[in-house]
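**Q** If you scroll down you'll find the structure; I have some questions about it.
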Amino acid sequence: MRVAIVRLMFVVLVITWSGTAVAQEQLYGFVGDSNGDDFGFSVGGGYDLDGEGSDDVIVGARRDDNNGTSSGSARTFVGATGIAHCTVNGALGDGLGTSVGVAPDLDGDGGADIVAGSPYSDAPAGAAGSLVFYSGDDCAVLDTVTGDAAKDHLGTAVAYAGDVNNHGSPDVIVGAPEDDFFDPGNGYARVISGTTRAVIYTFSGAAVSDRFGTSVAGAGDVDGDGYDDVIVGAPRSGTGGQSGYAVVYSGRTGAQLYALSGSVAGDQFGTSVTGVGDVNSDGHDDFAVGAPYEDIPPNQDNGRVRVYSGATGAVLYDHTGQPGVHFGYSLAGLGDVDKDGVPDFAVGAPLFFGPPFGAGAKAVYNFGATVFSGATGAALYSVTGTNPDDALGFSVGAAGDVNGDGSADLIAGAWQFSTPGPGYARVYALACTDNDGDGYGNPGLATC
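Going by our numbering, the first residue of the sequence shown is number 12, and it counts up by one from there.
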C-alpha cells in the first residue's frame with residue numbers, strides 16, 4: 012500500500028465544540044492509496060519508534076489488499092518529517108490494522124514497539140483472531156498471540172496497558188468480543204505481558220452478545236496503589252437493550268474497581284474507553300467512557316462522553332454532541348495539550364446520518380474530533396473532515412509531541428474518505444501564538 016503524505020504548515024481557525032475560535036495546525040495528512048483500504052480505521056502513537064528523537068505515529072488499514080484480499084496493514088510514520096518508516100501486512104482475510112497500538116519497549120532494546128490486531132486471523136481456528144507484536148525499529152515480528160477458539164475475533168481492540176503487574180516492563184490489553192452474528196459469545200479481554208507474552212489476566216463479559224472487549228484501554232493508576240489499572244467496554248450489553256457497560260479492573264488484583272452502565276436502551280455505552288490521566292489533580296488517574304448512540308430528546312444519536320473520577324467514580328465532566336454525530340465513538344487521553352500541567356483528552360464524532368433533523372435538512376456536516384481541557388472540561392479545539400462522509404474522528408489517538416514544541420498532539424483517522432475512498436489520517440497540534448507578548452497563547456491558553 013502506497014500512502015501519500017501531505018504536510019500543511021499553515022494555521023487555520025475552526026469553530027470548536029464550545030463555539031470558541033481557537034487556532035490549530037495540521038502537521039501531517041496521510042492518505043491511503045486504494046479505495047476501500049479503510050486507511051485510518053485505527054491510529055496510535057506517542058512514543059519514539061525509530062530512535063531519531065521525535066514521537067512517531069501508526070495508522071491501520073484493515074482492508075488493504077497488499078498481501079491478499081483484506082489482509083490489512085499498519086504503517087508507521089516518523090514524527091519529525093512525516094515520512095513513512097515501515098509497513099506490516101496481514102495474511103489473506105486477516106484484517107490486520109483493525110486495531111493498532113504503541114508501547115514503550117516490548118523487546119528490551121530500549122526503543123518503543125508496536126502491536127496490531129488481526130481479528131479475522133484463522134489461527135488456531137476460523138476468525139479466532141490474533142495480536143502481533145512488532146519491533147518499532149524495523150517492524151520485524153517479535154511474537155504473536157491468538158484467540159482461544161473460532162470467531163473470538165481477538166485483536167478487535169488493543170491498547171498499551173501500562174505496567175499492570177508492577178514488574179518494571181510494559182503490558183498490553185487486547186479485546187476479543189466474540190461478536191459473530193450467528194454464534195455470539197460473552198466476549199473477553201486479556202492483559203498480556205509485553206515482554207514475555209504471558210497472560211496476566213483474562214476478564215469475561217457478563218452475558219452472551221455483550222461484545223465485552225469491543226474497547227479496551229489502560230486506565231492509569233485509578234485506585235492509587237502504585238499499579239496501573241485497565242478498563243474494558245461492552246456496548247451491546249443485553250441488560251437494558253444495548254445500553255452497554257464498562258468495567259475498570261485493578262492491575263494489582265484483577266478485581267473490579269468500578270462497573271458503570273449506560274443510561275437507557277440503545278446508548279451503547281462502552282463503545283469507547285480511555286484513561287485520561289489525573290485531570291482533577293487528586294493523585295488518582297481518571298477515565299472516560301463514550302456512549303455514541305445516546306439520544307438527547309427530541310434528537311437522536313447525539314452521543315455522550317462522561318469523565319469519571321478514579322478516586323470516587325463520580326462524574327467529573329459530562330459532554331454531549333450535536334444531533335446525529337455519534338459523539339464519543341472514539342476517545343483518547345492525549346497528555347498535556349495546552350501546557351497547564353494537566354492532561355487533556357480527545358473525543359471523536361465521526362458520523363451524521365442525515366437528514367433526520369429538521370424539515371428538508373441536508374447532511375452537510377464535516378464532523379471530526381474535539382480536544383478538551385482536562386483541567387476545566389472546556390473545548391480547546393476541534394478538527395473536521397474534508398467531506399461530509401469522511402468519518403474523521405472514527406479513530407483518535409495520542410500522537411505524543413510530534414513537532415517538539417512541548418505540547419501533546421492529536422492523530423485522527425477518517426477511514427471512509429468520500430465512501431468508498433482510500434481513507435486518511437491527520438496529525439494536529441494546538442497552535443500557540445502570543446500576539447500580545449504576555450507569555451500566554453491566544454486566546455488565554457497556557458504558556459507558549
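Glycine residues also receive a C-beta, built at the ideal position from the N, C-alpha and C atoms.
1) Which residues mark the beginning and the end of the beta strand (DSSP E) in which L153 is found?
2) Does DSSP classify G275 as helix, strand or coil?
3) Just curious, the beta strand (DSSP E) that A95 is in, first and last residue?
4) Suppose you measure from the CA of G321 to the CA of V259; what does that come to, to the nearest Å?
5) Could you tell me the boundaries of the beta strand (DSSP E) in which R201 lies?
6) What three-state label does DSSP hand E36 in the structure shown?
7) Among the candidates V185, S215, T206, whose CA atom is the shortest distance from the CA of Y199?
8) Per DSSP, what are the beta-bridge partners of N177 in this structure?
9) On a CA-only basis, which of K350, T285, G62, Y256 is nearest D120? Give me that one, please.
10) Would the beta-carbon of A134 fall within 8 Å of that of V126?
11) Here's the rule: buried if 16 or more other CB atoms are within 10 angstroms of the residue's CB, otherwise exposed. What is H178?
12) In terms of alpha-carbon separation, which member of A299, N414, H295, F280 lies closest to E305?
13) Between which two residues does the beta strand (DSSP E) holding F50 run?
14) Roughly how many angstroms lie between the CA atoms of S129 and A217, to the nearest whole one?
15) Indicate the three-state DSSP secondary structure (helix, strand or coil) for S65 in the structure shown.
16) Could you work out which residue in T264, G262, A228, D232 is closest to L342 when comparing CA atoms only?
17) Can you give me the start and stop residues for the beta strand (DSSP E) that D420 sits inside?
18) How about T92: is its Cβ closer than 7 Å to a heavy atom in the ligand PLP?
19) Using 8 Å as the threshold, is the C-beta distance between S283 and Y328 below it?
20) Ordered along the chain, which non-local residues of its own chain (more than five positions away) have a Cβ less than 8 Å from that of V169?
21) Look up G408 in the DSSP assignment and say whether it is helix, strand or coil.
22) Near A161, which residues of its chain fall below 8 Å by C-beta distance, leaving aside the five closest residues on each side in sequence?
23) Run through DSSP, which three-state label would V185 get?
24) Ends of the beta strand (DSSP E) at R315?
25) Q427: which of E36, F41, I307, G51 sits nearest, CA to CA?
26) Of the choices V243, G434, D349, G352, whose alpha-carbon is the least far from that of G286?
27) Within 10 angstroms of its Cβ, does A423 collect 16 or more other Cβ (buried), or is it exposed?
28) What is the rounded straight-line gap between the Cα of V300 and the Cα of G255?
29) With DSSP as the reference, identify every bridge partner of G294, one or two as the case may be.
30) Over what stretch of residues does the beta strand (DSSP E) that includes V514 continue unbroken?
31) Can you tell me which of the three DSSP states Y340 falls into?
32) Between A270, A209, V318, Q333, which lies nearest to I307 when the distance is taken from Cα to Cα?
33) Using a threshold of 8 Å, state whether the C-beta atoms of A386 and G346 are closer than that.
34) In this structure, does DSSP put I211 in helix, strand or coil?
35) Just to confirm my understanding: we take A357, look at its own chain, exclude 5 residues before and 5 after, and list those with CB closer than 6 Å. What are they?
36) So what's R86 in DSSP terms, helix, strand or just coil?
**A** In short:
1) For this step, residue 153 is matched to residue 142 along the sequence shown. Start and end: 152–157.
2) Counting from one through the sequence shown, the residue named residue 275 turns up at place 264. Here residue 275 is Val; the residue named in the question, Gly, does not match the sequence. Correct three-state label for V275: coil.
3) Residue numbering aside, residue 95 sits at position 84 when the sequence shown is read from its first letter. Start and end: 95–100.
4) Residue numbering aside, residue 321 sits at position 310 when the sequence shown is read from its first letter. Residue numbering aside, residue 259 sits at position 248 when the sequence shown is read from its first letter. Each residue's alpha carbon lies about 9 Å from the other.
5) Along the sequence shown, one-based indexing puts residue 201 at 190. Note, R201: beta strand (DSSP E), 199–204.
6) Numbered from its first residue, the sequence shown carries residue 36 at position 25. Looking at E36 - three-state DSSP - the assignment turns out to be strand.
7) What you label residue 199 is simply residue 188 of the sequence shown in a count that begins at 1. Looking only at V185, S215, T206, the smallest Cα-Cα distance to Y199 is reached by S215.
8) Here residue 177 refers to the residue found at position 166 of the sequence shown. According to DSSP, which records beta bridges pairwise, N177 is partnered with nothing at all.
9) As a working mapping, residue 120 is identified with position 109 in the sequence shown. Between D120 and the set K350, T285, G62, Y256, the nearest pair of CA atoms involves G62.
10) If you number the sequence shown from 1, residue 134 lands on position 123. If you number the sequence shown from 1, residue 126 lands on position 115. Not closer than 8 Å, so no.
11) Taking the sequence shown and counting its residues from 1, the one referred to as residue 178 is at position 167. The residue in question, H178, is exposed, as its Cβ has fewer than 16 Cβ neighbours within 10 Å.
12) Here residue 305 corresponds to residue number 294 of the sequence shown, with the count starting at 1. E305 has its Cα closest to that of F280, out of A299, N414, H295, F280.
13) Within the sequence shown, the letter at position 39 stands for residue 50. From DSSP, the beta strand (DSSP E) with F50 extends over 50–58.
14) Here residue 129 refers to the residue found at position 118 of the sequence shown. Here residue 217 refers to the residue found at position 206 of the sequence shown. Rounded to the nearest angstrom, the two C-alpha atoms are 24 Å apart.
15) Here residue 65 corresponds to residue number 54 of the sequence shown, with the count starting at 1. Three-state result, S65: coil.
16) In the sequence shown, the residue the question calls residue 342 occupies position 331. Among T264, G262, A228, D232, the Cα nearest to that of L342 is on A228.
17) To locate residue 420, count along the sequence shown from 1; it is residue 409. Run containing D420: 420–425, per the beta strand (DSSP E) assignment.
18) In the structure shown, the ligand PLP is absent, as is every other ligand, since no ligand is present at all.
19) Start at 1 with the first residue of the sequence shown, and residue 283 comes out as number 272. Start at 1 with the first residue of the sequence shown, and residue 328 comes out as number 317. Contact flag unset, no.
20) Walking along the sequence shown from the start, residue 169 turns up at place 158. Leaving aside the five residues that flank V169 on each side, the residues in its chain whose CB is nearer than 8 Å to its CB run, in chain order, S110, V111, G112, V126, A127, G128, L142, V183, I184, V185, G186, V227.
21) Sequence index remark: in the sequence shown, residue 408 carries index 397 (1-based). In the structure shown, G408 sits in a strand (DSSP, three-state: E or B).
22) To locate residue 161, count along the sequence shown from 1; it is residue 150. Contacts found: A136, G137, A138, A139.
23) Indexing the sequence shown from 1 puts residue 185 at position 174. Reduced to three states, the DSSP call for V185 is strand.
24) Numbered from 1 along the sequence shown, position 304 holds the residue referred to as residue 315. Start and end: 315–319.
25) In the sequence shown, the residue the question calls residue 427 occupies position 416. When only C-alpha atoms are compared, the closest one is G51.
26) Residue numbering aside, residue 286 sits at position 275 when the sequence shown is read from its first letter. It is V243 whose Cα lies nearest to the Cα of G286.
27) Against the sequence shown, residue 423 aligns to sequence position 412. Under the 10 Å beta carbon count, A423 is surrounded by 16 or more other beta carbons and is classified as buried.
28) Within the sequence shown, residue 300 is the residue found at index 289, counting from 1. Within the sequence shown, residue 255 is the residue found at index 244, counting from 1. Their Cα atoms are separated by approximately 10 Å.
29) Looking up residue 294 in the sequence shown gives position 283. Partner(s): none; G294 has no beta bridge.
30) Here the chain comprises residues numbered 12 to 459, so residue 514 is not present and cannot be evaluated.
31) By one-based count along the sequence shown, residue 340 stands at place 329. Reduced to three states, the DSSP call for Y340 is coil.
32) Indexing the sequence shown from 1 puts residue 307 at position 296. Nearest option by C-alpha distance: Q333.
33) As a first step, residue 386 is located in the sequence shown; it is residue number 375 there, counting from the start. As a first step, residue 346 is located in the sequence shown; it is residue number 335 there, counting from the start. Not in contact: A386 and G346 (Cβ atoms no closer than 8 Å).
34) For the purposes of this step, residue 211 is taken as the residue at position 200 of the sequence shown. Strand, per DSSP.
35) As a first step, residue 357 must be located in the sequence shown, where it is residue number 346. Closer than 6 Å at the Cβ level, and outside the excluded window around A357, lie A343, L345, A380, V382, V407, L421.
36) Working through the sequence shown from its first residue, we reach residue 86 at position 75. In the structure shown, R86 sits in a strand (DSSP, three-state: E or B).
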